[in-house]
Amino acid sequence: MRFADPAHRFARKPSGERQLSRSFWTRPKRFFAYHGRDGVTIKAIASAAGVTPALINYYFDGLENIFEAVWSRRASILNPIRIQVLNDYESTNSGNLEAAGAIDAFLRPIFDHVFSLGEGWSNFMSLIGMTNTTRFCGAFYMDKHFDDVVQRFLEIMRQIGNVPDEELFWFAHHLLGSLTFSMAQTGRINRISKGKCSSADYDNVLRSSVQLFSSAYAALVAKYDKPEMPPI
Numbered sequence: 002m003r004f005a006d007p008a009h010r011f012a013r014k015p016s017g018e019r020q021l022s023r024s025f026w027t028r029p030k031r032f033f034a035y036h037g038r039d040g041v042t043i044k045a046i047a048s049a050a051g052v053t054p055a056l057i058n059y060y061f062d063g064l065e066n067i068f069e070a071v072w073s074r075r076a077s078i079l080n081p082i083r084i085q086v087l088n089d090y091e092s093t094n095s096g097n098l099e100a101a102g103a104i105d106a107f108l109r110p111i112f113d114h115v116f117s118l119g120e121g122w123s124n125f126m127s128l129i130g131m132t133n134t135t136r137f138c139g140a141f142y143m144d145k146h147f148d149d150v151v152q153r154f155l156e157i158m159r160q161i162g163n164v165p166d167e168e169l170f171w172f173a174h175h176l177l178g179s180l181t182f183s184m185a186q187t188g189r190i191n192r193i194s195k196g197k198c199s200s201a202d203y204d205n206v207l208r209s210s211v212q213l214f215s216s217a218y219a220a221l222v223a224k225y226d227k228p229e230m231p232p233i
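Residue numbers for the sequence shown follow the numbering used here, beginning at 2 and rising by one.
Right under this line is the structure:
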């Protein structure tokens, strides 16, 4: 199946989403989460949703636009929550910011507001995890829909210690990779731990992530905040 360049301007008809029932959107999210963008067809979505492929093509003009609509619908709900939690953390702790608190504020909305809201959100999280590891278009979708949240997080982290930007970017790279892998809910840790841990144990995913990455950031702060030695 051939897809358009992901950077093109999507030409979905403005009324398309409103003309389809809310239940329609559970099908493409589930299919994309399990099969990726390239493993889904309009025919399969139409059959599962009980509508005709022609109706979907009329409103969305192709599978690429359905994929984009799935991202836009969910990101437009999630991102304001994440930004607000980051802003609240910064304003409440002005002058006393800590890595653990900032990382918790960055991650917690995903676990508190998303994974507890049912299969639709869980499928969207899996879709993010899958897309972020895709070379062809992963960066495009992640940048377009989540860059503002990441940049806001980095603004706060820059206030904690004197860590150079290059080190901060690598820190964010590893944090985001860990986050999206956790979003994918692969069950890998279930098998590694022989059942002692579960990728669906979101409380411990959050707890261990904050603990690990705040410790890592503390090491960076210690490295670059060393006091200057007085001249001899």
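In this text, a Cβ means the ideal position worked out from N, Cα and C, and glycines have one as well.
As the structure is a computational prediction, the values presented were derived from the model and not from experiment.
- In the three-state scheme derived from DSSP, where H, G and I count as helix and E and B as strand, residue 30 is classed as helix.
- With 16 or more other Cβ atoms from the protein chains shown falling within 10 Å of its own Cβ, residue 146 counts as buried.
- For residue 85, the enclosing alpha helix (DSSP H) covers residues 64-93.
- Using a 10 angstroms sphere on the CB of residue 223, the tally of other CB atoms stays under 16, which defines it as exposed.
- Around the CB of residue 72, 16 or more other CB atoms lie within 10 Å, so the residue is classed as buried.
- With fewer than 16 other Cβ atoms from the protein chains shown falling within 10 Å of its own Cβ, residue 134 counts as exposed.
- Within the same chain, and ignoring the five residues on either side of residue 163 in sequence, the residues whose Cβ sits closer than 8 Å to its Cβ are 222, 225 and 226.
- Between the beta-carbon of residue 130 and that of residue 181 there is about 5 Å, and that keeps the pair under the 8 Å contact cut.
- Excluding the 5 residues flanking it on each side, residue 29 has same chain C-beta neighbours closer than 6 Å at 46, 67 and 71, in chain order.
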